[in-house]
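Below is one structure, written out as structure tokens; comments come after it.
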Amino acid sequence: MENRPLEYDYTVTKMFMFTTILLGIVGMLIGVILAFQLAFPGVNLFLGEGLAEYTNFSRLRPLHTDAVIFGFTLSGIFATWYYVGQRVLKVSMAESKLLMFLGKLHFWLYLVTVVAVVVSLFAGVTTSKEYAEFEWPIDIAIVVVWVLFGMGIFGLIGIRREKSLYISVWYYIATFLGIAMLYLFNNMEIPTMLASAPDGSHVGGNWYHSISMYAGTNDALVQWWYGHNAVAFGFTVPIVAMIYYFLPKESGQAIYSYKLSLLSFWGLMFLYLWAGGHHLLYSTVPDWVQTMGSIFSVILILPSWGSAINMLLTMKGEWQQVAASPLIKFMILASTFYMFSTLEGPIQAIKSVNAIAHFTDWIVGHVHDGVLGWVGFMIMAALFHMAPRVFKREIYSKSLMTTQFWIQTLGVVLYFTSMWIAGITQGMMWRAHDEFGNLAYSFIDTVTVLHPYYTIRGVGGLLYLVGFLMFAYNIYKTMSARPVEESELQSASPMGA
Amino acid sequence: MFHWLEKHPFFFSVGVFLVIAFAGLVEILPSFAQASRPVIGTKPYSILETTGRQIYIKNSCNACHSQLIRPFKSETDRYGHYSLSGEYAYDRPFLWGSKRTGPDLMRVGNYRTTDWHENHMKDPAGVVPGSVMPAYRWMYSNIADIPTAYAEQLTNAQFFSVPYNEPIPMKDGSTAVVKMGNNVTEAHAMALAEAKEIAVDMKDQNVKDAVANGKIPEIVALIAYLNCLK
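Top line first, the protein sequences correspond to chains Y and W. To convert a position in the first sequence, counted from 1, into the working numbering, add 2. To convert a position in the second sequence, counted from 1, into the working numbering, add 66.
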């Protein structure tokens, strides 16, 4: 065994690749349905009047956000961790029966939790807090899943051969710690079954119902400390982990600057958590918290752009690869969208801009720049990179990849341009006064004006979904193709040839 | 130092945790106690209002409607006085929302009536032409869950000292009392009494019949909640 290369075991990676694709399709499909419901309200009844309760916008909306965040993205994070972790730590999952068991348990419990989430959200069981809609029994299941993920990370680190942790591992560790802290504190809730009637009689009611430990303004503060940083530690930190591994691997280029990655990592860790207050500008949270949120959001450009520039400069002198390789295209576009949305975010966090942008579709547009352009493209690129190595087969079709890339890029562009216009139009109309100082528009005027933009957004989202289905098909055909002939051992003696 | 940290995962993780936890400690803790004091005139939710609030949450109304009026002329013109922190003292969870696909509802009780809501929830575009809001017709037949709402009231009273059955100072110098039942049967009777007052102003015969028979359709509770938002 001594001189043979390590045989990595990708069992758990494969499982999570499956849920990445499945939940990606589910989340994006619901997203497209939602988009068309806003453009054409009749779509709320697409399964008929009898099922209207389960198909209308308000029931589906949390399913969309949670399927994309906790389904697609989280699965992608898990899949890449079980791949990247082994490789950068130079240790195989097959070397530890315990880790393998924990990894599989991680997957199956995750799947059970996902099913519970889908059922409960369809039934309208929700706490209403965005991206934290789950009632306490599911919260507990999520904590267990997360602890198993942590055991996977620190277990592999514990038996590693490579002593120095590669940059990606820093980011995976931060993802684990950040989400753990945020999730625990934001989901502090009291199950209502703990209360008793004054006369000691049986109360009844739903056993799974709970209320938040915090009230009103405090609840809002904790929620957006969570909500904003769930984006940080779900949509930024682990995706940066991915690009730090996959871009150098795919392009054959070393990371441009180690110092820049240090600066970006520690800068991001310190600055990000302050910025949550920018979701609460002009609200009833203390003024200084709002100002801090605003200022730190702007400073946050530095570490965000640090990572993005580090990625772009990694391609220095090798830009022809962008034209030649569809996979590099995905990753370069992802880092470009990362730069774009980390500039757009701080602009929206400036108080006077926020006064117009808040509550409008511009915010929705911003989220989708990040998730479609950055998170989605990077996760798909990671899966494209892993698929041949995990399944030991060539990618089924490179031209399909390129077509997908352009269809989805067009989709994202339609999405964010329409939402920009929609958001700013609506924000300006809400605040417009006529020459006598009366409001110039009734609310419904500011809704009907959005119809064309809602339609364009729906088309943009549909294009992205079509691209994603092409991606799923490409991966499926790759998996099910005939295996590539076993290549020679890498360390085989040259005399043997 | 960084090279050393990268070889020592435990200390690396401790370092990362301290750096990310710092902001939360500084930002959230200091004003925690102060922000949750009720302003004068803020009352806890009655049993039917609590039920209605749960239906509001069940249907994610907060996905499209905010309950936060910002201190701008355009907003106070449209929705009324800007929001004060203490007005939310009994809101667990808060329902500020993050998107106004529809208008703000913080003070909707001041300018909409039972009758308006009844027609609007059944056919939004019929009342407001061009509206993209879906209809919520099942609320007219689904029966509201009073025991869970009662358990929520009890939790509020027992864990968070929400003042039920106690005098609460009002703006005009008088006091008001929000009563809470001693058991679930009493709570249901109180909810029904509230529901009857709402049903008087409604036209839907099935809803009226249900209330007359001691059942409370979801729509009645929801309207009770919307009417109390002032």
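Ideal Cβ positions, reconstructed from N, Cα and C, are used throughout, including at glycine.
Query raised in the report: Mind listing which residues of the segment 131 to 142 of chain Y have their C-beta closer than 7 Å to chain W's C-betas, in chain order?
Result: Within the segment 131 to 142 of chain Y, the qualifying residues are Lys131, Glu132.
Query raised in the report: Hey, is the segment 457 to 474 of chain Y in contact with the segment 408 to 422 of chain Y, meaning 3+ C-beta pairs nearer than 8 Å?
Result: With a cut-off of 8 Å on Cβ pairs, the segment 457 to 474 of chain Y is in contact with the segment 408 to 422 of chain Y, counting three or more such pairs.
Query - Residue range of the alpha helix (DSSP H) that includes W:Ala87 - result: Numbered from its first residue, the second sequence carries residue 87 of chain W at position 21. Start and end: 75 to 94.
Report task. Determine the contact status of W:Val167 and W:Cys130, defining contact as a CB-CB distance below 8 Å. Result -> Here residue 167 of chain W is taken as the residue at index 101 of the second sequence, counted from 1. Here residue 130 of chain W is taken as the residue at index 64 of the second sequence, counted from 1. Going by the sequence as given, residue 167 of chain W is Thr instead of Val. Against a cut-off of 8 Å, the Cβ pair of W:Cys130 and W:Thr167 comes out as a contact.
Query raised in the report: Does the segment 243 to 255 of chain Y come within contact of the segment 184 to 191 of chain W, defined as at least 3 CB pairs closer than 8 Å?
Result: The segment 243 to 255 of chain Y is not in contact with the segment 184 to 191 of chain W.
Query raised in the report: Can you name the residues of chain Y whose CB is closer than 9 Å to the CB of W:Cys130?
Result: What you label residue 130 of chain W is simply residue 64 of the second sequence in a count that begins at 1. By Cβ distance, chain Y contributes Phe59, Ser60, Arg63.
Requested in this report: Go to Y:Ser212, then tell me how far its alpha helix (DSSP H) extends in each direction, as first and last residue.
Outcome: On the first sequence, residue 212 of chain Y is found 210 positions in, with the first residue counted as 1. Run containing Y:Ser212: none in the alpha helix (DSSP H); it sits in the beta strand (DSSP E), 212 to 214.
Requested in this report: Please work out which residues of its chain come closer than 6 Å, Cβ to Cβ, to Y:Leu265, disregarding the five sequence neighbours upstream and downstream, and give them in chain order.
Outcome: Taking the first sequence and counting its residues from 1, one reaches residue 265 of chain Y at position 263. Setting aside the 5 residues that flank it on each side, Y:Leu265 is surrounded in the same chain by Gly308, each with a C-beta closer than 6 Å to its C-beta; the list follows chain order.
Query - C-beta contact flag for Y:Thr176 and Y:Met271 at 8 Å - result: Here residue 176 of chain Y is taken as the residue at index 174 of the first sequence, counted from 1. Here residue 271 of chain Y is taken as the residue at index 269 of the first sequence, counted from 1. The sequence given here has Ala at residue 176 of chain Y, not Thr. It is a contact, given that the beta carbons lie within the stated cut-off.
Query raised in the report: Can you find a CB in chain W that lies within less than 8 Å of the CB of Y:Lys353?
Result: Along the first sequence, one-based indexing puts residue 353 of chain Y at 351. Not an interface residue.
Query raised in the report: Who are the neighbours of Y:Asp289 on chain W, taking C-beta pairs under 7 Å?
Result: Counting from 1 along the first sequence, the entry for residue 289 of chain Y is found at position 287. Ordered by position in chain W, no residue passes the 7 Å Cβ test against Y:Asp289, which lies about 10 Å from the chain.
**Report entry** Within chain W, the residues that Y:Leu275 reaches when beta carbons sit closer than 7 Å
**Finding:** Within the first sequence, residue 275 of chain Y is the residue found at index 273, counting from 1. Near Y:Leu275 (Cβ distances below 7 Å), the residues of chain W are Ile86, Ala89, Gly90.
Query raised in the report: Can you list the residues of chain Y that W:Gln224 reaches, using a CB-CB cut of under 7 Å?
Result: One-based indexing of the second sequence puts residue 224 of chain W at position 158. Chain-order list of chain Y residues neighbouring W:Gln224: Ala197, by C-beta distance under 7 Å.
Requested in this report: May I have the straight-line CA-CA distance separating W:Leu171 from W:Leu161, to the nearest angstrom?
Outcome: Start at 1 with the first residue of the second sequence, and residue 171 of chain W comes out as number 105. Start at 1 with the first residue of the second sequence, and residue 161 of chain W comes out as number 95. Roughly 10 Å between the two C-alpha positions.
Query raised in the report: How is the alpha helix (DSSP H) around Y:Val147 delimited, first residue to last?
Result: Looking up residue 147 of chain Y in the first sequence gives position 145. 138 to 160 is the span of the alpha helix (DSSP H), which, as asked, contains Y:Val147.
Requested in this report: Kindly provide the ranges of any beta strand (DSSP E) runs that are 3 or more residues long and lie completely inside the segment 176 to 218 of chain W, ordered along the chain.
Outcome: Segments of the beta strand (DSSP E) lying fully in the segment 176 to 218 of chain W: there are none.
Query raised in the report: Fully enclosed by the segment 29 to 69 of chain Y, which alpha helix (DSSP H) runs are 4 residues long or longer?
Result: Segments of the alpha helix (DSSP H) lying fully in the segment 29 to 69 of chain Y: 54 to 57, 59 to 68.
Report task. Can you give me the Cβ contacts of Y:Gln406 inside the same chain, cut-off strictly under 7 Å, excluding the 5 residues immediately before and after it? Result -> Residue mapping note: residue 406 of chain Y aligns to position 404 of the first sequence, counting from 1. Taken in chain order, the residues that qualify are Gly469, Met472, Phe473.
Report task. Please check the pair Y:Leu150 and Y:Leu107, which I expect to be a contact at CB under 8 Å, by giving their CB distance rounded to whole angstroms. Result -> In the first sequence, residue 150 of chain Y corresponds to position 148, counting from 1. In the first sequence, residue 107 of chain Y corresponds to position 105, counting from 1. The beta carbons of Y:Leu150 and Y:Leu107 sit about 6 Å from each other, so the pair counts as a contact at 8 Å.
Query raised in the report: What residues match up with Y:Gln411 in a beta bridge as DSSP calls it?
Result: Along the first sequence, read from residue 1 onward, the residue named residue 411 of chain Y stands at position 409. One point to set straight first is that residue 411 of chain Y is Thr, not Gln, in the sequence displayed. Answer is none; Y:Thr411 lacks a bridge partner.
Query raised in the report: For Y:Lys535, does the count of other Cβ atoms within 10 angstroms reach 16, so buried, or fall short, so exposed?
Result: Chain Y is shown only over 3 to 499; residue 535 of chain Y falls outside these bounds and no answer can be derived.
Query raised in the report: Any C-beta of chain Y sitting closer than 8 Å to the C-beta of W:Tyr206?
Result: On the second sequence, position 140 is the one that residue 206 of chain W refers to. It does not: the Cβ of W:Tyr206 has no partner Cβ on chain Y nearer than 8 Å.
Query - Proximity of Y:Ala232 and Y:Leu184 at Cβ, strictly below 8 Å - result: Your numbering for residue 232 of chain Y matches position 230 in the first sequence. Your numbering for residue 184 of chain Y matches position 182 in the first sequence. Yes. Within cutoff.
Report task. Mark W:Arg158 as exposed unless 16 or more other C-beta atoms lie within 10 angstroms of its C-beta, in which case mark it buried. Result -> Start at 1 with the first residue of the second sequence, and residue 158 of chain W comes out as number 92. W:Arg158 should be labelled buried.
**Report entry** Inside the segment 286 to 360 of chain Y only - alpha helix (DSSP H) runs reaching at least 4 residues
**Finding:** Segments of the alpha helix (DSSP H) lying fully in the segment 286 to 360 of chain Y: 289 to 301, 303 to 316, 322 to 326, 328 to 351, 353 to 359.
Query raised in the report: Count the other CB atoms within 10 Å of the CB of W:Lys245; is the residue buried (16 or more) or exposed (fewer)?
Result: For the purposes of this step, residue 245 of chain W is taken as residue 179 along the second sequence, with counting starting at 1. Exposed, since its Cβ has fewer than 16 Cβ neighbours within 10 Å.
Requested in this report: Hey, could you find the ends of the beta strand (DSSP E) Y:Glu191 is sitting in?
Outcome: What you label residue 191 of chain Y is simply residue 189 of the first sequence in a count that begins at 1. Run containing Y:Glu191: 191 to 193, per the beta strand (DSSP E) assignment.
Report task. Determine which residues share a DSSP beta bridge with Y:Leu441 and list them. Result -> By 1-based counting over the first sequence, the position of residue 441 of chain Y is 439. Residue pairing by DSSP puts Y:Leu441 in a beta bridge opposite Y:His435.
Requested in this report: Name the residue from Y:Gly105, Y:Asp141, Y:Gly278 whose alpha carbon lies nearest to the alpha carbon of Y:Ala234.
Outcome: As a first step, residue 234 of chain Y must be located in the first sequence, where it is residue number 232. Taking only the C-alpha atoms, the option nearest Y:Ala234 is Y:Gly278.
Requested in this report: Taking only beta-carbon positions, decide if W:Val198 is within less than 8 Å of chain Y.
Outcome: Translated into positions along the second sequence, residue 198 of chain W becomes position 132. Chain Y, which has a Cβ nearer than 8 Å to the Cβ of W:Val198, makes this yes.
Query raised in the report: Can you name, in chain order, every residue of its own chain whose Cβ lies under 8 Å from the Cβ of Y:Ser212, other than the five neighbours on each side?
Result: Locating residue 212 of chain Y in the first sequence gives position 210, where the first residue counts as 1. Excluding sequence neighbours, Y:Ser212 sits near Thr129, Glu137, Trp138, Glu191, Ile192, Pro193, Thr194.
Requested in this report: On the DSSP bridge assignment, give the partners of W:Val243 in chain order.
Outcome: Numbered from 1 along the second sequence, position 177 holds the residue referred to as residue 243 of chain W. Answer is W:Pro233, bridged to W:Val243.
Query raised in the report: For W:Pro110, which three-state DSSP category applies?
Result: Residue numbering aside, residue 110 of chain W sits at position 44 when the second sequence is read from its first letter. For W:Pro110, the three-state secondary structure derived from DSSP is coil.
Query - Below-8 Å beta-carbon distance, Y:Arg391 vs any chain W residue - result: Numbered from 1 along the first sequence, position 389 holds the residue referred to as residue 391 of chain Y. Residue contact check for Y:Arg391 against chain W: no CB pair falls below 8 Å.
Query raised in the report: Counting along the chain, where does the alpha helix (DSSP H) carrying Y:Ile245 start and finish?
Result: Position 243 of the first sequence holds residue 245 of chain Y. First-last of the alpha helix (DSSP H) with Y:Ile245: 239 to 253.
Report task. State the start and end residues of the unbroken alpha helix (DSSP H) segment that holds Y:Ser482. Result -> In the first sequence, the residue the question calls residue 482 of chain Y occupies position 480. 453 to 482 is the extent of the alpha helix (DSSP H) around Y:Ser482.
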